[in-house]
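**Student:** In our numbering, the protein residues as written are 124 to 226. Backbone N, C-alpha and C fix where the C-beta goes; we use that ideal spot for every residue, glycine too. As the structure is a prediction and not an experimental result, all values here were calculated from the model.
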Amino acid sequence: MAEKKFVRSKFRVDIEYRKFFTIVIDQDSFQIIATAVFCFLIAHITDKRNAYPHWLQPLLIGLSFFAVGTAFAYNCGYPCNPARDFGPRLFSWIVGYGGDVFS
């Protein structure tokens, strides 16, 4: 009975497969686009000329945050992640920029 020999290859190929409907744009640009869309929606909702009731504005801002987050979530994770925002603010506060970093 012949012995089986295993040959190890010295070649290594690292392949990163793209998701089904992603495009070539870098994933950081998706976060910039998502943040810009979210800022536009906040400006639209809080504009006094649009006359949204004051009690409805927080709900609409929350729904727009959810909508923008889920629209871009497949390509780059949740782009409006508050955990990514808190760390740099905390570091800036510790370094000495004061409490204005949280306003």
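Do F161 and S187 come within 9 Å of each other at the CB atom, strictly closer than that value?
**Tutor:** The answer is yes: Cβ separation under 9 Å.
**Student:** Taking 8 Å as the limit between beta carbons, can you name the residues of its chain near H167, skipping five residues before and five after?
**Tutor:** So the list reads N173, once near-sequence residues are dropped.
**Student:** Are L213 and V191 closer than 9 Å when you measure CB to CB?
**Tutor:** No, they are not a contact pair.
**Student:** Once you ignore the five residues that flank Q180 on each side, which residues in its own chain have a CB closer than 6 Å to its CB?
**Tutor:** Only I168 meet the Cβ criterion.
**Student:** Determine the contact status of Y201 and F195, defining contact as a CB-CB distance below 9 Å.
**Tutor:** The answer is yes: Cβ separation under 9 Å.
**Student:** For N157, is the classification buried or exposed, using 16 other Cβ atoms within 10 angstroms of its Cβ as the cut-off for buried?
**Tutor:** The sequence shown places Ala at residue 157, rather than the Asn named in the question. Classification for A157: buried.
**Student:** In the structure shown, what three-state DSSP assignment does H177 receive?
**Tutor:** It is coil, neither helix nor strand.
**Student:** Roughly how many angstroms lie between the CA atoms of I184 and T193, to the nearest whole one?
**Tutor:** Their backbone Cα atoms lie some 14 Å apart in a straight line.
**Student:** Assign S152 to one of three DSSP states: helix, strand, or coil.
**Tutor:** Looking at S152 - three-state DSSP - the assignment turns out to be helix.
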